[in-house]
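Start counting the sequence shown at 1; every next residue gets the next number (full-length UniProt numbering). The C-beta atom is built at its ideal place from N, Cα and C for all residues, glycine as well. For reference, the structure is listed below as structure tokens.
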Amino acid sequence: MIVSYVHCWILRGTQGCTEIKILIEGESVTLSCSYTATSDYIYLYWYRQHCNQGPQFILYKGARSYDGVEHIPDERFKSTTSRDSTQLTIPSLTIADTAIYYCMLYKNSLDKNFLSVRMSAGDDISSDQLEYFSRQGESVTLSCSYTATSDYIYLYWYRQHSNQGPQFILCEGARAYDGVKHSTDKQFKSATSRDSTQLTIDSLITAVTAIYYCALRDAQ
């Protein structure tokens, strides 16, 4: 008998569902998160992360004024939302479903963006270098290249420390959104162009040792 372990971790803006679920292969499971938000323009995202891999987008679904808006690439996954919660249902579990699952809230403004990533056909983003080595006190610049058909682009940077969820660093607009920027820490600086984004980290310390992710969102 094969057992599948489904973990559920939560990022800021949501709460609940912090347990470890132990399930039999072939069973179904529903993960649930509650959230609070003052805005009525809400998107709720689900991601999962397998061991030694980056977060993988599963779906997003609108809530409140965005009720009925959804993007679910894999119809195997089902989701429901309400004014204060979201659920993800995974039917017929397999070993491949063993992962850490994240629920995340995106409010339609620049002050709360938690791994809110959506790509459309023809969009792609990738790191220009897989590993960077620098001494403490030095600065380092990370770079990603991207392609996109839209001119309405937001480029995000996140970092993830060992055994923790992804942490938002900054968001910067590109192309038609050039000049739009939101950053949480002055230690980090970013630049964008029509096909790339750079993240500069000043005065490196041990605490910034992490996996860094660049992400693209087409806002059109």
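Option nearest residue i by Cα separation, candidates the options
i, options, result
"S82", "L204, A99, E70, R64", "R64"
"C144", "D178, Y102, A191, F168", "A191"
"W46", "I24, D40, P73", "P73"
"G54", "G68, P166, D151", "P166"
"M135", "D218, Y41, R175, I205", "Note on identity: in this sequence residue 135 is Arg, with Met being the wrong assignment. Residue I205 is the option with its Cα nearest to R135."
"E75", "L199, I90, E138", "I90"
"L23", "K189, A96, Y102, I201", "A96"
"R159", "D40, F188, D151", "F188"
"Q87", "Y60, T98, A99, Y177", "Y60"
"T98", "Y43, Y156, G26, D40", "G26"
"Y127", "R175, Y156, S150, A176", "Checking the sequence shown, residue 127 turns out to be Ser, not Tyr. Checking every option, the nearest Cα to that of S127 belongs to Y156."
"A148", "D218, R48, T30", "D218"
"S92", "S28, S32, I100, Y66", "S28"
"L216", "D151, Q164, D185", "D151"
"V140", "I201, H182, T38", "I201"
"R48", "Y102, S32, Y212, T94", "Y102"
"P209", "G179, H182, Q164", "Note that residue 209 corresponds to Thr in the displayed sequence, not to Pro. Among G179, H182, Q164, the Cα nearest to that of T209 is on Q164."
Simplified DSSP assignment, three categories, for residue i
i, result
"D151", "coil"
"I95", "helix"
"H7", "Reliability of the predicted coordinates at H7 is poor, the pLDDT of 45 falling under 50, and the value obtained from them is presented with this limitation in mind. Of the three classes helix, strand and coil, the one that applies to H7 here is strand, per DSSP."
"residue 245", "Residue 245 lies beyond the stretch modelled for the chain, which goes from 1 to 220, so this question has no answer here."
"T200", "strand"
"R118", "For R118, the pLDDT reaches just 37, beneath the cut-off of 50, and the residue's location in the model is therefore unreliable, although a value from the coordinates is still provided. Three-state DSSP puts R118 in a strand."
"H161", "coil"
"L184", "Sequence check: residue 184 is Thr here, not Leu. Coil at T184, not helix or strand."
"D30", "The sequence given here places Thr at residue 30; Asp does not occur at that position. Here T30 sits in strand by DSSP."
"S109", "Residue confidence is low: S109 scores 48 on pLDDT, short of 50, so the model does not pin down where it sits. Its coordinate-derived value is still stated next. It is coil, neither helix nor strand."
"V69", "coil"
Q. Would the stretch 93-108 and the stretch 191-204 be scored as touching if the rule is three or more Cβ pairs under 8 Å?
A. no
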